[in-house]
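Chains as they are written, first to last, in this note's numbering: chain A, 61 to 196; chain B, 61 to 196.
Notes to accompany the following structure.
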């Protein structure tokens, strides 16, 4: 995709980690300045880390107020290794693009189609990584 | 232990999760207010969540400045479930107690004795959970 060439591409190993059925532990900052962390499904467009979540969740609201996030991700088959990331939520995407992306994420992680939750709207948190490291 | 009866005991399921060879993803706050998260080994005394780390590491320095932490922990054998925690680092313990505890942690997670790193001092981050939840 053209968009991918505009920024810095992710390393192949990090991209593969994000493309696998792995969980990312994403930390954001609450309104009172305390940290918040939850594991979520994850995806990538080759340049950004993409999280698909429900509109109104704590991390979505937190990222609107302070876009800085940190994350740790381990391959499910080898939790003894991990990659750390610091970055910023540069865009929150809603509408058809986010609903279609949610459907793809359900397929990726469960192998099944998504049963939409009534009145729930999906949002993509588009994260630009500023620093990625693999300490081991 | 007597100390355990002074505060609120952890639930049995959370205690078992902490006693297992599981990783906890611990989030702290950096000096600039941004979040930091790393997976670490974990332990409990029945009342607190105990992390054993090297003195001078980012999370240790962060917790001195702002004791508020958040964490997510999944059982290694079932990463699809997780428990979330918010709490405070109420004490940082160094000296023989921390070195001995490091040795026990090495045994727990690797089955082997620890090879001490020259000039590295260990510290126990003693965390009092304020809120523990299992969203699933």
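We put the beta carbon where it would ideally sit given N, CA and C, even for glycine.
Paired residues, beta bridge with residue i - DSSP
i: residue 98 of chain B; result: B:86
i: residue 186 of chain A; result: A:110, A:151
i: residue 69 of chain A; result: Paired residue(s): none; residue 69 of chain A is not in a bridge.
i: residue 144 of chain A; result: A:132, A:193
i: residue 92 of chain A; result: Residue 92 of chain A is not bridged to any residue.
i: residue 103 of chain A; result: A:110
Neighbouring residues, chain B, relative to residue i (Cβ below 7 angstroms)
i: residue 128 of chain A; result: 94, 95
Short CB-CB distance (under 8 angstroms) between residue i and chain D
i: residue 189 of chain B; result: The chain inventory of the structure shown lacks chain D, comprising the protein chains A and B.
Residue i - containing beta strand (DSSP E), residue span
i: residue 118 of chain A; result: From DSSP, residue 118 of chain A is part of no beta strand (DSSP E) but of the alpha helix (DSSP H) over 118-125.
Run of the alpha helix (DSSP H) containing residue i, from where it starts to where it stops
i: residue 130 of chain A; result: No alpha helix (DSSP H) contains residue 130 of chain A, which is instead part of the beta strand (DSSP E) from 128-133.
i: residue 76 of chain A; result: 72-79
i: residue 158 of chain A; result: 156-170
Neighbouring residues, chain A, relative to residue i (Cβ below 7 angstroms)
i: residue 85 of chain B; result: 85, 97, 132
Residue i: contacting residues in chain A (beta-carbon distance under 8 angstroms)
i: residue 136 of chain B; result: 139
Cross-chain neighbours of residue i in chain B, by beta carbon under 8 angstroms
i: residue 89 of chain A; result: 89, 93, 94, 95
i: residue 144 of chain A; result: 97, 98
*Taking 8 angstroms as the threshold, find out whether the stretch 70-77 of chain A comes into contact with the stretch 175-194 of chain A through three or more Cβ pairs.*
Segments in contact, yes.
_Touching by the beta-carbon criterion (3+ pairs, under 8 angstroms), the stretch 92-99 of chain A and the stretch 98-109 of chain B_ = The stretch 92-99 of chain A, when compared against the stretch 98-109 of chain B, does not touch it at the 8 angstroms Cβ threshold.
*Decide yes or no for the touch test of the stretch 77-87 of chain B against the stretch 168-188 of chain A: beta carbon pairs closer than 8 angstroms, at least 3 of them.*
At 8 angstroms Cβ cutoff, the stretches do not touch.
*Counting pairs of beta carbons, one from the stretch 159-166 of chain A and one from the stretch 146-166 of chain B, are three or more of them closer than 8 angstroms?*
When C-beta atoms of the stretch 159-166 of chain A are compared with those of the stretch 146-166 of chain B, fewer than three pairs fall below 8 angstroms, so the two segments do not count as touching.
*Kindly confirm or deny that the stretch 130-146 of chain B and the stretch 83-97 of chain B touch, where touching means at least three C-beta pairs closer than 8 angstroms.*
The stretch 130-146 of chain B is in contact with the stretch 83-97 of chain B.
_Validate contact between the stretch 116-129 of chain B and the stretch 81-89 of chain B using beta carbons, cut 8 angstroms, 3 pairs_ = In short, these stretches touch, since the Cβ pair count reaches three.
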